[in-house]
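Going by the numbering used here, the sequence shown opens with residue 1325, and the numbers climb by one from there.
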Amino acid sequence: MYHRLLWHCLLLAILLLVIEPAVRSQNAPTGPGFHGLPVRSKLADPAIESKVDALLKQMTLAEKVGQLVQYSVGTPAGPGTGREDYGEMVAKGEVGSLYNLPDVAAANHYQHIAVEKSRLHIPLINGLDVIHGYRTEFPVPLGLASTWDPDIVQRAARIAAQEASAAGVRWTFSPMVDIARDPRWGRIIEGAGEDPYLGGEIARAYVRGYQGTNLANSDSIAACAKHYVGYGAAEGGRDYNTTEISEHTLREVYLPPFYAALDEGGATVMSAFNALNGVPATANPFTLTEVLRNEWHFPGIAVSDFGAVRELIAHGIANDGETAAYRAFSAGLDMDMESSVFHEYLLKLVEDRKIPEARIDQAVRDVLRVKFALGLFDNPYTDETRENHGALPQASLDVARAAAERSFVLLRNEPVNSRRLLPLTSETQTVALIGPLADDPGAMLGSWGGRSRPGDAVTLKTALTQRLGPHGVKYAQGGDFLAATDEQINAAVEAARSADIAILALGEEPNSMTAEAASRAHLDLPGRQEELLEKVSATGKPVVLLLFSGRPLTLPWAFAHVPAVMEAWFPGIQAGPALVRTLYGESVPSGRLVLSWPRSVGQIPIYYNALDTGRPAGNIDLSHPPTNSEEKYVSRYIDELNSPQFPFAYGLSYGDFHYSVPELSTNKLSAKELAADLHTRPADAKTVLTVSVNVTNSGKVPAEEVVQLYVGLRGTSVAEPVRALKAFRRVALAPGQSDRVTFSLPPQAFVIWDVHNSYTVEPCQVRVWVSPDSAQGQPVPLEITP
Ligand code: NOJ
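Structure (structure tokens):
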């Protein structure tokens, strides 16, 4: 007997040793955490925890596994499972979440089955990709980020949450917070661009908007920070491709927006499709357990991406579904979206003692916490009278229009007859309106259009005709996205000849050319659109080019010859009114690029917050091939400039802004003191430096300016970006008005991931810029002493 007991103890000890890495530590952080702190989660609530405990005690192992299974009921975005027995599975408690349900009736139908037929009456959590609006469609996320206006992003997300929740959706797979430096990658449209600080602020705004003041409110939906992590660095910009990211870059660039989203209370996170340094993100213990759980103490759901657990077989780290399930689950993933391998194998893996039940309990806790926090146990059903099937309320249209107006980035505005072409004046009586995007309501909704309706979208043609009357608009489509006949192009040229000016609405078809599985190797205008542009320009009529795209396009001819170019992204349902008001100056462009705009594909990846090299090109003229060794042996191309077409944060205005020299509250900081303060939360952290600048609108129209603060560190133990955004503010100024803008910086503005792999502040030389974009401004020096 005694021997048997001893033998059992020994077996248990060996088992624990083997499985220990799979079990995350609840209370003992293994690292400093981002900026040394666990995230502030709304789920960490003792009242929720005791309900979770009580329920968990009643659950069988099979019921526990059921909570970790998610299926898409509806059109799958990838290879589906072929299953249709959702009702039966839900009744048996085999499913924790459904998504892609077509409407509120379907949501309630399955919820009734879950609550009334399953043994423990555990409600489902119903998800959907509500990405930039549910029915009220706002600009695509890249456009929303280009507003540099977290407040409008939050308002848009709030409206999306109200509409989606009225349709029974309580979980959105948004925001996408992937940093992206490669516009070939189609999904660059879904994020906030290349900067981790801006990305974090925008991510926080989405979370606040979706989750509202309390997740339990019936109009709140759980946010999901995705795709964790590194997806935006897909090699070659080819979707789903492998990524190699050093821990330094991961910590300083790719992880911060995730931290921000979860620190704002984001309830869920989705793992990415890509492999990260050889380990698929779906089964990556470093990111899913060490960082997410042990450092950040994240208590919410970590769901896989669509079918990604089974894809571990294709990745080459599992030869069968069972091993795929084992690898993903033991790395720290909670829920399997669609691939059904958790459903098929988790139970067996526990029975075979490859996975401890304690690990299952952790994952189930994560799911139940979110369900309790959403109030699903008390209010599982959606009131079917809540959804608005009529006209959209004016308040929603106003936010959609304001968001669109702020998202536009004026790239070029050259004089024609000694006056800048934009804004147009009342002298412009007739406009030739040309291009595949001038009158395509569906395209205005962009990719991932939620449950938007083309009928809600107002096109440029409709809005312009309202302003100028039917005779003022000479419309000629000029062909489609990919094809045009000579007749169509000639008709467009004729329309331009008969009008005062030509407005061309050109760009990408949103669904096939942007977003998931839509990487491009060529970033020019598709089809014959460039030819159309050049032929219309050859009429000599002034041309305004409006670009609709999910990424920067490389258009060297247009940027050299077309007098006015504005990037409109895909503006949403209020596209037409927002564009017309902007063209006519009732709204002044104030959007700024959230990514560096390349001149040519060969420059990619190109981003402003890069490291310097040992051979910087400095002031060397790169516009011609090198003629001597001084010009040659520097970091450059022999056939292209190093600089982008337009730098990060660039954007013109109809106003004209002047900046004074920034004034700093001190010219010395102490590394020791700053490092000691690092463990205070950024929002509560004390101010260690204020930077003030006077900004004056010396133009003739009231306008908004996005004032930006950058910091560059030199002399640190690891090379840091030449310049990195640390703060920004939108200011509205009347003509002639000056405003003193003061930024208060916390110690975190100077933190680095150092050569010893930890967050710290080091003695170094600092340069501080306050400027209208990432390429302008004179730096002011500051020293961080030991
Ligand atoms: C795959 C996409 O990568 C992800 O972003 C999305 O949320 C899921 N499909 C669900 O539709």
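Ideal Cβ placement from N, Cα and C applies to all residues, glycine included. For clarity, every value in this text was computed on a predicted model and none was experimentally measured.
Quick one: grab the DSSP three-state call for N1712.
-> coil
With a CB to CB cut of under 8 angstroms and the five nearest residues on each side skipped, what residues in its chain are close to Y1961?
-> G1926, Q1927, L1946
Over what stretch of residues does the beta strand (DSSP E) that includes L2002 continue unbroken?
-> Element bounds for L2002: n/a, residue is neither H nor E.
Going by the CB atoms, is the gap between L1784 and L1761 shorter than 9 angstroms?
-> yes
With a cut-off of 8 angstroms, do at least 3 Cβ pairs link the stretch 1651-1669 to the stretch 1605-1620?
-> Because the criterion of three Cβ pairs below 8 angstroms is met, the stretch 1651-1669 and the stretch 1605-1620 touch.
Helix, strand or coil: how does DSSP classify F2052 here?
-> strand
Is it the case that the Cβ atoms of V1868 and A1888 are separated by a distance below 9 angstroms?
-> yes
May I have the straight-line CA-CA distance separating P1604 from F1597, to the nearest angstrom?
-> 7 angstroms
If we count the other Cβ atoms within 10 Å of its Cβ and call it buried at 16 or more, is T2084 buried or exposed?
-> buried
Any chance the CB of F1630 is under 8 angstroms from a heavy atom of ligand 1?
-> yes
Take A2048 as the anchor and find which of N1703, R2091, A1488 has the nearest alpha-carbon.
-> R2091
In whole angstroms, what is the alpha-carbon distance linking P2110 and L2002?
-> 15 angstroms
Looking at C-alpha atoms only, which residue of A1649, D2078, P1929, L1734 is the closest neighbour of E2029?
-> L1734
Do you know offhand how far I1825's Cα is from T1878's?
-> 24 angstroms
How many angstroms separate the CA atom of Q1486 from the CA atom of A1527?
-> 18 angstroms
Can you tell me where the beta strand (DSSP E) with G1533 in it begins and where it stops?
-> No beta strand (DSSP E) holds G1533; the alpha helix (DSSP H) holding it covers 1520-1535.
Considering G2133, what are the terminal residues of the alpha helix (DSSP H) in which it resides?
-> No answer is possible for residue 2133: it lies beyond the span of the chain, which begins at 1325 and ends at 2110.
Going by DSSP, name the residue or residues bridged to D2063.
-> Among the bridge pairs identified by DSSP, D2063 is matched with V2019.
Using alpha carbons as the reference points, say which of M1837, A2058, E2044 lies closest to D2078.
-> Closest by alpha carbon: E2044.
Which residue or residues does DSSP assign as beta-bridge partners of T2014?
-> S2068
Give the range of the beta strand (DSSP E) segment to which K1992 is assigned.
-> Run containing K1992: 1992-1994, per the beta strand (DSSP E) assignment.
When every heavy atom of ligand 1 is checked, does at least one fall within less than 8 angstroms of the C-beta of D1453?
-> yes
Given a threshold of 16 other Cβ atoms within 10 Å of its Cβ, counted over all protein chains shown, does S2098 qualify as buried or as exposed?
-> buried
Regarding M1837 and ligand 1, is the C-beta to nearest heavy atom distance less than 8 angstroms?
-> no
Contact check, A1899 vs A1727 under 8 angstroms by CB: the rounded distance?
-> The pair is not a contact, with the Cβ atoms about 11 angstroms apart (cut-off 8 angstroms).
Quick one: grab the DSSP three-state call for M1659.
-> If DSSP states are grouped into helix, strand and coil, M1659 belongs with the strands.
Classify K1695 as helix, strand or coil using the three-state DSSP reduction.
-> helix
Touching by the beta-carbon criterion (3+ pairs, under 8 angstroms), the stretch 1577-1594 and the stretch 1540-1554 = yes
Count the C-beta pairs between the stretch 1954-1968 and the stretch 1978-1987 that are closer than 8 angstroms, then say yes if the count reaches three, no if not.
-> no
For E2029, the residue or residues it bridges with in DSSP | V2055
Tell me where the alpha helix (DSSP H) around P1949 begins and ends.
-> Run containing P1949: none; DSSP gives neither H nor E here.
Please state if the CB of P1463 and the CB of S1771 are separated by a distance shorter than 9 angstroms.
-> no
So which of L1828, D1587, R1852 has the shortest CA-CA distance to L1903?
-> A check of alpha carbon separations from L1903 across L1828, D1587, R1852 identifies L1828 as the nearest.
Is L1600 helix, strand or coil when you go by DSSP?
-> strand
Report the residue from D1804, R1777, A1820 whose alpha carbon sits nearest the alpha carbon of K1798.
-> With distances taken between Cα atoms, K1798 lies closest to A1820.
Measure the Cβ-Cβ separation of V2025 and G1909 and say whether it is below 9 angstroms.
-> Yes, these two residues count as a Cβ contact at 9 angstroms.
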